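Order-wise, the sequence lines are chains P and Z.
Numbering-wise, the first sequence is residues 338 to 489 according to my numbering.
Numbering-wise, the second sequence is residues 338 to 489 according to my numbering.
To start, the structure itself, in structure tokens.
Protein chains: 2
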Amino acid sequence: MNQLITKQTNNQVQDILKRNQLSVTGSRKKILQLFLAQDGAIAHGDIEKRAGEKFDRVTVYRTLQTFVDKGIIHVIPTADNSIRYALCKDDCSEGHHQDHHVHFVCTQCNTTYCLDDIVIPELKLPKGYSSSHIEVVAEGICKNCKTPVHLP
Amino acid sequence: MNQLITKQTNNQVQDILKRNQLSVTGSRKKILQLFLAQDGAIAHGDIEKRAGEKFDRVTVYRTLQTFVDKGIIHVIPTADNSIRYALCKDDCSEGHHQDHHVHFVCTQCNTTYCLDDIVIPELKLPKGYSSSHIEVVAEGICKNCKTPVHLP
DNA sequence: TTTCTTTTGCAACCACGTTGCTTTTTATTA
DNA sequence: TAATAAAAAGCAACGTGGTTGCAAAAGAAA
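Here's what the structure looks like:
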């Protein structure tokens, strides 16, 4: 819980904010640090809790919205209807998200991962339908929760 | 808007309710009729509006929940975080939904379709991940909204 | 440091969904 | 058909998640 923020991380945060023409503020630094320190995706509620009750709800909403607008994070739709956010890869930019990858939700630890390297296969849609975007969410057990192999 | 309910539809509704050991009530009949008269999926809000402001919000919620529990309808997760419902096929039953098909959301008319015949292709997940269920939502233009071919 | 601009925090509000309880409706049995 | 038990509907109230307008505070620039 008590996160050690290294000088590197701090510089990285400032870098990202400045590169996106955002002023460096307390909430933006804190929230961005949470994303950098986290493997999977984060829900809005997690952020409010893990930011240490320091920021107003409204501020968290606006900060997340700003990050989405700038292409720093992207939204992940989940089956349980709770929005989650994850860092974008470098090829996302303002107004143009490139986050067309598979998302994986672990049913055990409830972590959401972006599987950037998985290719979404072609779908044969019925006659008359044409799709511009396909969202794939896989549910199951992640690499950290799978039953470990017992060695002799 | 003003729907003509035929005797057949009425019988069908009663049939479905009785088959699922549900008592036949006004709201259940009305809401089930809406589903039978509709090609695509319906959102909760639509139901409240189209039921003619006759039923309490709570009643609609509970009726939908009952139908989901009984396997009469199923929930469709959408990208915009609004839950939609659609009739299940016959192989759904109480506590066991068999609705593993692709869902299609038309970006023009905003209708959601269940593409029952489309097979969800295999996904090659990274090492350590195993999935029990894959949700696929395609976005695009549906058969009713596509630009018609101009004949000479 | 001063000034201007941006961001934050607060209060209030709305939409969505849920819960507990009373009244009404449905199904059942006489 | 009337009486009864069981189920569902309606109502009020509440909780959460998200938004908006505005005044105060913090950041950037000079």
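Backbone N, C-alpha and C fix where the C-beta goes; we use that ideal spot for every residue, glycine too.
Model, not experiment: these values are computed from the prediction.
- Where Z:L424 is concerned, there is no enclosing alpha helix (DSSP H), although the beta strand (DSSP E) around it starts and stops at 421 to 424.
- As the crow flies, the alpha-carbon of Z:V350 is around 12 Å from that of Z:L424.
- Interface annotation for the segment 454 to 466 of chain P against chain Z: D454, I455, V456, I457, P458, E459, L460, K461, L462, P463, K464, G465, Y466, criterion Cβ-Cβ distance under 9 Å.
- Excluding sequence positions up to five before and after Z:E385, its CB lies within less than 6 Å of the CB of V397, all in the same chain and listed in chain order.
- The three-state reading of DSSP puts P:V361 in coil, since its state is none of H, G, I, E or B.
- Here the alpha carbons of Z:D453 and Z:H438 stand approximately 5 Å from one another.
- Residue-level contact check: Z:E385 does not touch chain P, since none of the beta carbons of chain P fall below 8 Å from its beta carbon.
- Of the residues assessed, Z:V361 falls on the exposed side of the cut-off, its CB having fewer than 16 other CB atoms within 10 angstroms.
- At the C-beta level, P:V412 and P:V405 come within 8 Å of one another.
- Each residue's CA atom was taken as its position, placing P:K426 and P:L373 some 12 Å apart.
- When secondary structure is reduced to three states using DSSP, Z:V456 falls in the coil class, being assigned neither helix nor strand.
- At a beta-carbon threshold of 9 Å, the residues of chain Z lying near P:A475 are L460, L462, Y466, S468, S469, H470, I471, E472, ordered along the chain.
- Annotated as distal: P:T403 and P:V442, with beta-carbon spacing of 8 Å or more.
- Along the segment 346 to 375 of chain P, none of the residues has a CB nearer than 7 Å to a CB of chain Z.
- Chain P places a beta carbon closer than 8 Å to that of Z:I478, counting this residue as a contact.
- When rounded, the separation of the alpha-carbon atoms in P:K407 and P:A380 is 18 Å.
- Taking 8 Å as the CB threshold, P:F404 stays off the interface with chain Z.
- By the neighbour-count definition (other C-beta atoms within 10 Å, threshold 16), Z:E459 is an exposed residue.
- Bridge partners of Z:A380 according to DSSP: Z:R421.
- The three-state reading of DSSP puts P:I353 in helix, counting H, G and I together.
- Close partners of P:L452 in chain Z (Cβ separation under 8 Å): L462, P463, Y466.
- The straight-line gap separating the alpha-carbon atoms of P:Y450 and Z:N447 is approximately 28 Å.
- DSSP places Z:F404 inside the alpha helix (DSSP H), whose first and last residues are 394 to 407.
- Taking C-alpha positions only, P:I478 is separated from Z:G389 by approximately 44 Å.
- Secondary structure at P:E431: coil, using DSSP grouped into helix, strand and coil.
- Neighbours of Z:V439 in chain P, taken as residues whose beta carbon is under 7 Å from its own, are L460 in chain order.
- Against chain Z, a Cβ distance below 9 Å from P:K483 picks out G465, Y466, S467.
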